[in-house]
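A.B. asks: Could you have a look at this structure, given as structure tokens, before my questions?
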Amino acid sequence: MNDKTLTSDLAEGATADAPGEGQAPVAGARRRAARAAAKKNRNRKAAPAGEAPVVAVQPIAPPARLKKRHWGLLASFAALVLLPLVAVIFYLWTLASDQYMSTTGFTVRSQESGGASELLGGLAQFAGGTTASDSDILYEFIQSQEMVEAVDAKIDLRAHYSQPWPDDWAFALWPDATLEDLVWYWQRIVGISYDGGTGLIEVQALAFDPQTARAVASAILSESQDRINALNEQAREDAMRYARDDLDQAIARLKEAREALTRFRTRTRIVDPAADIQGRMGVMNNLQQQLAEALIEYDLLRGTSNDSDPRLTKAQQRIDVIRDRIRIERQTFTSENTDTGAVGEDYPTLIAEFESLNVDLQYAEETYRAALTALQVARDDAARQSRYLATYIKPTLAQEAEYPRRAILAGLAGLFLVLIWSIGALIYYSIRDRS
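Shown next, in the form of structure tokens:
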């Protein structure tokens with residue numbers, strides 16, 4: 088077999104295996120392989136007679152064809168992705184009702200209190216609590232069942248939000264919904280955004296017509312204002328009650344101090360021990376002066392008369408009487424004997440007791456004045472609203488429906504359907520390959 092014969096055979100085989108229309112790349116690859124083999128055979132030497140050359144030809148891959156499992160995968164994609172997505176799109180654009188949104192924004196403000204409160208060193212700060220804590224309370228109150236009941240009493244929520252039922256079953260409320268169901272549905276139609284740093288609260292209410300949406304937002308704003316007023320009233324009442332309690336305690340303490348001082352004066356018959364001591368010290372000083380004069384007179388008489396002179400005897404008697412009186416007056420300061428003119432108690436004890444009672448009286452008087460001032464300040468604060476709801480966005484009236492956001496919902500539905508289908512297909516083929 089020569090090179091020409093081999094080349095012609097390969098050419099015939101290539102022609103026989105030549106693909107039809109649509110298989111040009113495969114045919115071209117075959118022709119190139121045949122030409123390469125013919126060129127290789129031409130470069131070889133002629134084989135001895137009787138020996139046929141061995142030619143190695145790689146098998147050609149057959150064209151790809153769709154199999155049963157491929158059709159099953161496409162059918163599952165159509166059943167699990169395309170049909171549900173079409174149903175979602177049909178529901179959103181034909182059955183879902185338009186929803187209108189009303190927006191309102193507010194914050195809790197605290198009235199600036201100056202003047203007397205600052206001059207009195209902050210005695211008016213009885214009503215504690217900051218605007219941030221009030222905003223936190225309001226944020227939780229708007230989402231509570233109490234708010235739902237209050238708004239439902241003003242606006243019949245079931246009657247309005249069950250109008251599209253049962254056509255729009257995804258966005259409407261069923262007519263026989265309980266209060267718990269209404270509270271759950273409230274989270275869908277009312278959105279709240281709260282900034283804890285600034286205390287700003289923004290509320291968005293959805294409804295099937297713009298007037299109802301604004302009515303719901305206005306009702307939320309009104310109930311929030313009432314709740315802040317209730318909290319404010321409670322704080323004012325607490326402040327007044329605390330101030331009155333402090334004043335009553337100060338009055339009772341002042342009465343007790345004055346009664347104790349009165350009992351002391353009644354028992355000792357001394358109005359002021361300090362003044363009484365000063366009087367007694369005046370007597371002592373006078374006696375000391377008289378004693379000095381009597382001693383001088385006695386000395387003068389001794390220098391001019393004899394010892395038997397009766398004037399010396401009388402002068403000596405006067406000196407002895409003055410000295411006895413001085414001794415008795417001194418004993419009255421420390422003696423408890425009332426026969427000597429004492430009050431029955433020693434003066435150091437009386438003075439200590441009087442000073443203690445006097446200090447208690449002064450403290451009671453200062454406490455009483457401070458309690459009166461605090462009560463006056465609390466009354467001034469109660470006369471005005473110290474905290475109030477400041478509305479920076481009044482309830483708006485929508486002109487066109489913004490919800491439901493059909494394109495976004497359809498896109499999300501398609502995305503999740505594709506993800507679910509892909510995960511299911513991967514799980515199926517993983518189990519199939521391992522079995």
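Count along the sequence shown from 1, add 87, and you get the number used in the numbering used here. Quick reminder that beta carbons are idealized off the backbone N, C-alpha and C, glycines included. Owing to the predicted nature of the structure, the values given are computational and were not obtained by experimental measurement.
Tell me the rounded alpha-carbon separation between A339 and L444.
C.D. replies: Counting from one through the sequence shown, the residue named residue 339 turns up at place 252. Counting from one through the sequence shown, the residue named residue 444 turns up at place 357. Straight-line measurement puts the Cα of L444 at about 15 Å from the Cα of A339.
A.B. asks: Going by DSSP in three states, G284 sits in which element: helix, strand or coil?
C.D. replies: The residue you call residue 284 lines up with position 197 of the sequence shown. The answer is coil: DSSP assigns G284 none of H, G, I, E or B.
A.B. asks: Any beta carbon from chain D within less than 9 Å of T353's own beta carbon?
C.D. replies: Here there is only one protein chain, and chain D is not present.
A.B. asks: Please report the Cβ distance between H247 and T299, rounded to the nearest whole angstrom; I am assuming they are in contact, meaning their Cβ atoms lie under 8 Å.
C.D. replies: Numbered from 1 along the sequence shown, position 160 holds the residue referred to as residue 247. Numbered from 1 along the sequence shown, position 212 holds the residue referred to as residue 299. H247 to T299, Cβ: 5 Å. Contact.
A.B. asks: Nearest-angstrom Cα distance between Y455 and A317?
C.D. replies: Here residue 455 refers to the residue found at position 368 of the sequence shown. Here residue 317 refers to the residue found at position 230 of the sequence shown. A direct Cα-to-Cα measurement between Y455 and A317 gives close to 31 Å.
A.B. asks: Less than 6 Å between C-beta atoms, sequence neighbours within five positions excluded: which residues of the same chain meet that for A133?
C.D. replies: Counted from its first residue, the sequence shown places residue 133 at position 46. Note that A133 scores 48 on pLDDT, short of 50, meaning its location in the model is unreliable and no value can be drawn from it.
A.B. asks: Assign A257 to one of three DSSP states: helix, strand, or coil.
C.D. replies: Sequence index remark: in the sequence shown, residue 257 carries index 170 (1-based). A257 falls in the coil class under three-state DSSP.
A.B. asks: On the DSSP bridge list, what partners appear for M234?
C.D. replies: Indexing the sequence shown from 1 puts residue 234 at position 147. Note: M234 sits in no beta bridge, so no partner.
A.B. asks: Can you tell me whether DSSP reads D185 as helix, strand or coil?
C.D. replies: By 1-based counting over the sequence shown, the position of residue 185 is 98. Of the three classes helix, strand and coil, the one that applies to D185 here is coil, per DSSP.
A.B. asks: Nearest to D254 by CA position, among D243, S184 and R301, is which residue?
C.D. replies: Residue 254 sits at position 167 when you count from the first residue of the sequence shown. Closest by alpha carbon: S184.
A.B. asks: Sort E233, I276 and A237 by Cα distance to S249 and report the nearest one.
C.D. replies: Taking the first residue of the sequence shown as 1, we reach residue 249 at position 162. Answer by Cα proximity: I276.
A.B. asks: When DSSP labels each residue in this structure, what does A166 get in the three-state scheme?
C.D. replies: Taking the sequence shown and counting its residues from 1, the one referred to as residue 166 is at position 79. Helix, per DSSP.
A.B. asks: Look at F177 and E310 and say whether their C-beta atoms are less than 9 Å apart.
C.D. replies: Working through the sequence shown from its first residue, we reach residue 177 at position 90. Working through the sequence shown from its first residue, we reach residue 310 at position 223. Contact flag unset, no.
A.B. asks: With distance defined between alpha-carbon atoms, name the residue in A257, I242 and I288 nearest to Q230.
C.D. replies: Mapped onto the sequence shown, residue 230 falls at position 143. Closest by alpha carbon: I288.
A.B. asks: For L499, report the span of its alpha helix (DSSP H) as first-last.
C.D. replies: Walking along the sequence shown from the start, residue 499 turns up at place 412. R493 to R521 is the extent of the alpha helix (DSSP H) around L499.
A.B. asks: Return the Cβ separation of L334 and L448 in integer angstroms, given the expectation that the two are a contact with Cβ distance under 8 Å.
C.D. replies: Along the sequence shown, one-based indexing puts residue 334 at 247. Along the sequence shown, one-based indexing puts residue 448 at 361. That pair is no contact at about 17 Å.
A.B. asks: Identify which residue in S395, S392 and D386 has its Cα closest to the Cα of I406.
C.D. replies: Counting from one through the sequence shown, the residue named residue 406 turns up at place 319. Of the residues S395, S392 and D386, the one whose Cα lies closest to the Cα of I406 is D386.
A.B. asks: How long is the line joining the alpha carbons of I242 and T190, rounded to whole angstroms?
C.D. replies: For the purposes of this step, residue 242 is taken as the residue at position 155 of the sequence shown. For the purposes of this step, residue 190 is taken as the residue at position 103 of the sequence shown. When rounded, the distance between both Cα atoms is 17 Å.
A.B. asks: The alpha helix (DSSP H) spanning I229 covers which residue range?
C.D. replies: For the purposes of this step, residue 229 is taken as the residue at position 142 of the sequence shown. Per DSSP, I229 belongs to the alpha helix (DSSP H) from T218 to I229.
A.B. asks: Which residues in the same chain as A381 place their Cβ atom closer than 8 Å to its Cβ, once the five residues preceding and following it in sequence are excluded?
C.D. replies: Working through the sequence shown from its first residue, we reach residue 381 at position 294. The residues are A402, R405, I406 and I409.
A.B. asks: Which one of Y475, D296, F295 and I480 has the shortest CA to CA distance from D313?
C.D. replies: Working through the sequence shown from its first residue, we reach residue 313 at position 226. Answer by Cα proximity: Y475.
A.B. asks: How many angstroms separate the CA atom of V505 from the CA atom of A485?
C.D. replies: As a first step, residue 505 is located in the sequence shown; it is residue number 418 there, counting from the start. As a first step, residue 485 is located in the sequence shown; it is residue number 398 there, counting from the start. For V505 and A485, the gap between their C-alpha atoms comes out near 35 Å.
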